[in-house]
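Each protein sequence line maps, in turn, to chains A and B. When you read off a place in the first sequence, starting at 1, and then add 91, the result is the number in the numbering used here. When you read off a place in the second sequence, starting at 1, and then add 365, the result is the number in the numbering used here. Note that CB positions come from ideal geometry on N, CA and C, so glycine has one too. Working notes, structure below.
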Amino acid sequence: EAGVVQSPRYKIIEKKQPVAFWCNPISGHNTLYWYRQNLGQGPELLIRYENEEAVDDSQLPKDRFSAERLKGVDSTLKIQPAELGDSAVYLCASSYGLAGVLEQYFGPGTRLTVT
Amino acid sequence: AQTVTQSQPEMSVQEAETVTLSCTYDTSESDYYLFWYKQPPSRQMILVIRQEAYKQQNATENRFSVNFQKAAKSFSLKISDSQLGDAAMYFCAASLSGGGADGLTFGKGTHLIIQP
Numbered sequence: 092e093a094g095v096v097q098s099p100r101y102k103i104i105e106k107k108q109p110v111a112f113w114c115n116p117i118s119g120h121n122t123l124y125w126y127r128q129n130l131g132q133g134p135e136l137l138i139r140y141e142n143e144e145a146v147d148d149s150q151l152p153k154d155r156f157s158a159e160r161l162k163g164v165d166s167t168l169k170i171q172p173a174e175l176g177d178s179a180v181y182l183c184a185s186s187y188g189l190a191g192v193l194e195q196y197f198g199p200g201t202r203l204t205v206t
Numbered sequence: 366a367q368t369v370t371q372s373q374p375e376m377s378v379q380e381a382e383t384v385t386l387s388c389t390y391d392t393s394e395s396d397y398y399l400f401w402y403k404q405p406p407s408r409q410m411i412l413v414i415r416q417e418a419y420k421q422q423n424a425t426e427n428r429f430s431v432n433f434q435k436a437a438k439s440f441s442l443k444i445s446d447s448q449l450g451d452a453a454m455y456f457c458a459a460s461l462s463g464g465g466a467d468g469l470t471f472g473k474g475t476h477l478i479i480q481p
């Protein structure tokens, strides 16, 4: 079974430029998460989807960040414009089911460097 | 606020020895879930072990076991017979909002070094 796929693995951009990250969750997983992991820190939740609905986006900086999950499968996280402080690893995770607490399967992440 | 605290930035252990990583958390919920994740340099988060708060019995997975002290809000990970492949960042994480497929709250991590 294929795991969570993320692309690109690395991205270097100049500040004020836009950037997008893509995530393909494990087949059949209806819950999808985006986390941001700053250097030397644990991941922090940005947004959680149940199917195509964003059910928790309270930590998403909505002035510059946006996300979508069309058809409840793949998801894209976008930053526009990027700032120096956005340099981090962006992790996508997925899990199956709505009830109970489920194991989250993580992708390898996208390392973003903003110069 | 729900928090997870790991007070050991780095731990070192000799190969084949036992090491314990500490974690404390804060929540007002009675029903929650606790996890230990391993993150090697490849960045892929791997679930090591999970504990449901309503279960009194400590979870075990082969060489990995937890000491769950609900009253003290403590959740430590014990790794027995440490192996070189255990070297990684270890994150304590929790779903503290009372069930459901919630996002996880992570600690800052402990860097585990295995000395041959």
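How far does the beta strand (DSSP E) with residue i in it extend, from its first residue to its last?
{"i": "residue 517(B)", "result": "Outside the displayed range of chain B (366 to 481) lies residue 517(B), so it cannot be described from this structure."}
{"i": "residue 476(B)", "result": "475-480"}
{"i": "residue 482(B)", "result": "No statement about residue 482(B) is possible, as the shown extent of chain B runs from 366 to 481 and does not include it."}
{"i": "residue 376(B)", "result": "375-379"}
{"i": "residue 115(A)", "result": "110-115"}
{"i": "residue 202(A)", "result": "201-205"}
{"i": "residue 417(B)", "result": "411-417"}
{"i": "residue 123(A)", "result": "122-128"}
Taking the DSSP output, what are the residues bridged to residue i?
{"i": "residue 389(B)", "result": "370(B), 439(B)"}
{"i": "residue 145(A)", "result": "140(A)"}
{"i": "residue 432(B)", "result": "441(B)"}
{"i": "residue 169(A)", "result": "111(A), 157(A)"}
{"i": "residue 101(A)", "result": "202(A)"}
Can you find a C-beta in chain A that's less than 7 angstroms from the C-beta of residue i?
{"i": "residue 373(B)", "result": "no"}
{"i": "residue 471(B)", "result": "yes"}
{"i": "residue 429(B)", "result": "no"}
{"i": "residue 433(B)", "result": "no"}
{"i": "residue 376(B)", "result": "no"}
{"i": "residue 456(B)", "result": "yes"}
From the options, pick the residue whose C-alpha is nearest to that of residue i; which is it?
{"i": "residue 427(B)", "options": "444(B), 416(B), 439(B)", "result": "444(B)"}
{"i": "residue 141(A)", "options": "112(A), 203(A), 187(A), 206(A)", "result": "187(A)"}
{"i": "residue 178(A)", "options": "124(A), 114(A), 132(A), 115(A)", "result": "132(A)"}
{"i": "residue 406(B)", "options": "460(B), 480(B), 451(B)", "result": "451(B)"}
{"i": "residue 95(A)", "options": "183(A), 203(A), 193(A), 201(A)", "result": "183(A)"}
{"i": "residue 98(A)", "options": "193(A), 136(A), 180(A)", "result": "180(A)"}
{"i": "residue 185(A)", "options": "114(A), 102(A), 122(A)", "result": "122(A)"}
{"i": "residue 143(A)", "options": "111(A), 125(A), 160(A)", "result": "160(A)"}
Residues of chain A with CB closer than 7 angstroms to the CB of residue i, please, in chain order.
{"i": "residue 474(B)", "result": "133"}
{"i": "residue 412(B)", "result": "194"}
{"i": "residue 409(B)", "result": "197, 199"}
Looking at chain B, is there any beta carbon in it that lies within less than 7 angstroms of the beta carbon of residue i?
{"i": "residue 112(A)", "result": "no"}
{"i": "residue 99(A)", "result": "no"}
{"i": "residue 197(A)", "result": "yes"}
{"i": "residue 127(A)", "result": "no"}
{"i": "residue 136(A)", "result": "yes"}
{"i": "residue 155(A)", "result": "no"}
Name, please, each residue of chain B whose Cβ falls closer than 7 angstroms to the Cβ of residue i.
{"i": "residue 124(A)", "result": "468"}
{"i": "residue 96(A)", "result": "Simply none; closest approach about 12 angstroms."}
Which residues in chain B sit within 8 angstroms of residue i, going by Cβ to Cβ distance?
{"i": "residue 160(A)", "result": "Result: empty, since nearest Cβ-Cβ is about 14 angstroms, beyond 8 angstroms."}
What in chain B is Cβ-close to residue i, meaning under 9 angstroms?
{"i": "residue 180(A)", "result": "408"}
{"i": "residue 148(A)", "result": "The premise fails here: residue 148(A) is roughly 10 angstroms from chain B at the closest Cβ pair, so nothing lies under 9 angstroms."}
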